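One structure below.
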Amino acid sequence: MALDSKIPNGPISDKWTNYKDHINLVNPANKRNIDIIVVGTGLAGGSAAATLAELGYNVKAFCYQDSPRRAHSIAAQGGINAAKNYQGDGDSTFRLFYDTVKGGDYRAREANVHRLAEVSTNIIDQCVAQGVPLAREYGGLLDNRSFGGTLVSRTFYAKGQTGQQLLLGAYSAMNRQIGRGKIEMLNRHEMLDLVIVNGKARGIIARDSITGKIERHSAHAVVIASGGYGNVFFLSTNAMGSNVTASWKIHKKGAYFANPCYTQIHPTCIPVSGEHQSKLTLMSESLRNDGRIWVPAKLEDAKAIREGKLKPTQIAEADRDYYLERRYPAFGNLVPRDIASRAAKERCDAGFGVNKTGEAVYLDFAEAILRYGKDQAKVKHLDVNDEVLVKKLGTDVVASKYGNLFQMYEKIVDENPYQTPMMIYPAVHYTMGGVWVDYNLMTTIPGCFAIGEANFSDHGANRLGASALMQGLADGYFVLPYTIGDYLSPDIKVGKISTETQEFIDAENNVRAQIDVLMNAKGNKPVDYFHKKLGKIMWDKVGMARNAEGLTEAQQEIAAIREDFYKNVQVPGTANGLNPELSKALRVADFLELGELFAKDALHRNESCGGHFREEYQTADGEAQRDDQNFAYVAAWEYKGSPSDAVLHKEELVFDNVKLVQRSYK
Ligand SMILES: Cc1cc2nc3c(=O)[nH]c(=O)nc-3n(C[C@H](O)[C@H](O)[C@H](O)COP(=O)(O)OP(=O)(O)OC[C@H]3O[C@@H](n4cnc5c(N)ncnc54)[C@H](O)[C@@H]3O)c2cc1C
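Written out as structure tokens, the structure is:
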């Protein structure tokens with residue numbers, strides 16, 4: 002199938018407005034006759050479900066947690082971008098658009114990114130109207146801070162709990178509609194297949210994870226908002242349950258999967274501490290506003306620190322290497338995540354790492370504490386030379402900005418980050434790749450839409466901080482509600498979709514058969530055994546730095562683990578009730594297929610761009626070397642029976658509004 006991205010004609014700044022002016026609408030009375038399934042109730046799905054129900058559609062929403070309130074979105078810490086220019090520091094719609102395209106290393110679709118920048122301001126208004134307690138300045142105006150890859154302050158935040166507060170807003174909006182009966186909320190339900198009738202998505206098969214019941218649900222359209230697939234690496238900052246199953250099932254039914262190899266490795270996470278860890282913790286990028294990243298400048302100091310003979314606070318200023326400030330003076334500690342992550346790896350690989358494993362760098366607030374302390378002392382007419390007082394005042398300011406993050410760090414690492422620098426290291430965090438969608442957010446299956454982190458999104462090969470929440474809420478509150486109406490307008494006379502058709506029976510049988518295979522495998526290895534093995538291959542050979550040899554090996558090794566999994570996995574218990582191991586096995590089965598496609602995609606892309614770093618393609622000073630001549634396209638993979646047989650389709654990217662240049666943050 003030829004890819005048609007359906008980008009409207011006209012100047013970039015008019016496309017979305019013109020599009021909205023000319024699409025087909027569904028009148029309010031007819032909306033009442035149309036059903037929409039939304040799989041996922043994080044920020045993307047929650048905002049979409051609430052808005053679609055408010056518009057009058059009948060919505061059925063699904064999540065695997067016991068409440069939408071627990072979606073992974075709740076973990077988002079640092080903030081959400083919007084081109085409000087409240088700071089008067091030169092921000093604009095174009096600048097947000099430009100920063101995002103450049104930040105993504107010129108691998109995103111211009112028209113979508115511009116639309117995202119346009120609606121970013123509406124999101125803040127919407128959330129404030131809902132009562133989301135975004136941080137405010139002393140005078141009561143909304144406050145902003147900076148995130149990586151930008152030279153302005155455009156990030157709105159709620160301390161280190163932005164995702165939680167935004168989700169409460171979306172959840173409240175959903176609850177209103179649940180109360181009105183416009184949303185039927187199916188918690189603890191996991192979508193396990195898509196049903197296609199006459200070429201259109203018309204429903205899903207879901208498993209009630211409490212009773213084990215396999216259910217058929219029909220609708221006129223299906224929206225996938227099931228989040229990202231970073232857990233293919235086993236260890237990541239994602240919630241433990243985050244998975245690829247919904248996206249993968251629709252892929253197997255005809256939805257192309259785009260750029261699976263574009264994964265974001267976040268530079269500021271708590272380092273891995275041992276073999277038995279199952280989760281990694283993010284230290285928000287907002288900390289890079291005030292924290293300075295460094296390692297010892299001398300190898301012997303780094304060694305002494307690793308051996309516990311020296312403390313970081315004993316290293317003199319002159320003996321510290323603030324390597325981001327040294328290499329990127331213009332952006333300093335606020336370079337984009339892919340660049341900061343690679344720079345940390347480079348220093349640690351060179352022997353300057355500061356924890357026992359040699360895989361950690363420092364994030365230091367000592368200077369910020371003094372700076373804020375002196376500021377406060379001046380404001381309060383106190384003695385700026387009283388070091389104890391200044392430290393106390395500065396600590397209070399830092400605590401007011403990042404207190405919950407510092408507390409989290411201390412609980413996990415058992416060190417006080419106000420007194421000694423934090424130790425951080427890159428970890429898997431976000432997936433820019435995902436289900437391919439056109440301008441309407443529709444997949445290659447008519448009537449099946451994908452939004453939020455589940456789609457291949459607007460972030461190209463690297464997402465700038467605070468842009469995921471923006472994209473998820475843009476999709477859910479402001480984009481999908483228009484585009485889905487255009488699609489549904491011819492469906493107003495279709496009537497209820499029956500679940501008694503052969504297509505539903507086949508899809509249900511398909512799910513039952515997969516569950517039977519897993520329950521009947523008489524192996525003796527737990528699901529996690531396979532997941533960990535997969536994760537290790539992904540990290541070692543498909544992680545922060547990749548090369549052709551490792552990627553070729555990874556594909557073979559993942560296929561072998563998959564085979565082993567089906568022979569030797571042990572899923573205890575029964576399928577007719579609550580069985581977390583079965584849920585896990587179903588998810589890991591899909592990760593084991595995705596992982597192979599991921600490596601295949603990374604191998605075919607003979608260039609480095611954003612988060613995709615191929616060791617063979619780098620500049621003399623170790624930066625990503627793009628090949629715009631041959632790779633300025635979205636790689637959309639079509640499923641053909643197995644990941645190794647997947648067929649590549651290219652969406653050529655056209656850059657009319659930004660100049661394709663080698664990315665620089667110096
Ligand atoms: C620790 C952390 C901090 C972050 N901080 C920020 C930040 O400060 N700013 C920012 O912009 N971004 C941040 N991000 C990224 C951002 O949080 C996510 O990209 C975003 O929340 C994803 O939202 P979503 O709605 O697409 O998916 P999710 O929030 O992951 O929701 C997925 C939903 O799908 C459901 N689901 C999944 N599979 C199925 C299935 N098969 N059947 C039924 N339901 C299913 C789940 O139950 C859930 O409701 C952070 C990410 C992490 C990990």
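In terms of the working numbering, the sequence shown is numbered consecutively and its last residue is 667. For every residue, glycine included, the Cβ atom is placed at its ideal position computed from N, Cα and C. Predicted model only: the values in this text are computed from it and were never measured.
Counting only the Cα atoms, N334 lies some 8 angstroms from G292. When the beta-carbon positions are compared, M520 and A590 stay at least 8 angstroms from each other. For L236, no beta strand (DSSP E) segment is defined, and its DSSP state is neither H nor E.
The alpha-carbon separation between K392 and T421 amounts to approximately 13 angstroms. Taking 7 angstroms as the cut-off, one finds at least one heavy atom of ligand 1 near enough to the beta carbon of C64. Residue pairing by DSSP puts P297 in a beta bridge opposite R321. Excluding the 5 residues flanking it on each side, M175 has same chain C-beta neighbours closer than 8 angstroms at T42, G47, A50, A51, A54, A62, P69, I184, M186, in chain order. The beta carbon of H221 sits no closer than 7 angstroms to any heavy atom of ligand 1.
The stretch 481 to 490 and the stretch 440 to 452 touch, with three or more beta-carbon pairs separated by less than 8 angstroms. Using a Cβ distance threshold of 8 angstroms, V512 and D194 count as a contacting pair.
Taking the Cβ atoms as the reference, L406 lies roughly 12 angstroms from T163, outside the contact range of under 8 angstroms.
Within the stretch 601 to 649, the beta strand (DSSP E) runs of at least 3 residues that lie entirely inside it are, in chain order, 634 to 639. Look at the stretch 469 to 534 and you find these whole runs of alpha helix (DSSP H), each 4 residues long or longer: 469 to 474, 481 to 489, 503 to 521. In the three-state scheme derived from DSSP, where H, G and I count as helix and E and B as strand, F450 is classed as strand. Distance between Q66 and Q265, taken at the CA atoms: about 25 angstroms. Taking 8 angstroms as the cut-off, the beta carbon of V355 is found no closer than this to the beta carbon of V414.
For M423, the distance from the CB to the nearest heavy atom of ligand 1 is not below 7 angstroms. Counting along the chain, no alpha helix (DSSP H) covers L135, and no H or E run does either. Taken through DSSP and simplified to helix, strand or coil, V362 comes out as strand.
Taking the C-beta atoms as reference points, G574 is found nearer than 8 angstroms to L583. Remark: the C-beta of L598 is outside contact range of ligand 1, defined as less than 7 angstroms to any heavy atom. Taking C-alpha positions only, A508 is separated from I197 by approximately 9 angstroms. When the beta-carbon positions are compared, Q556 and K601 come within less than 8 angstroms of each other. Separation of R328 and K667 (C-alpha to C-alpha, rounded to the nearest whole angstrom) is 7 angstroms.
In terms of side-chain proximity, the C-beta atom of A72 is found nearer than 7 angstroms to a non-hydrogen atom of ligand 1. For F566, the enclosing alpha helix (DSSP H) has its first and last residue at 549 to 569. Shortest gap from the CB of G164 to any heavy atom of ligand 1: under 7 angstroms. In terms of Cβ geometry, L654 and R116 do not form a close pair [threshold 8 angstroms]. Put simply, of D92, F235, A118, G213 the residue whose alpha carbon is nearest the alpha carbon of H277 is F235.
As the crow flies, the alpha-carbon of Q515 is around 27 angstroms from that of M443.
Leaving aside the five residues that flank N188 on each side, the residues in its chain whose CB is nearer than 7 angstroms to its CB run, in chain order, C64, Q66, D67, S68. A distance below 8 angstroms separates the beta carbons of Q626 and E608. The residue among L168, Y87, T156, A369 with its C-alpha nearest the C-alpha of A45 is L168. Between H430 and G105, the CB-CB gap reaches or exceeds 8 angstroms. Counted as a single uninterrupted DSSP element, the stretch harbouring H382 is not any beta strand (DSSP E), since DSSP gives it neither H nor E. In the structure shown, the three-state DSSP call for F63 is strand.
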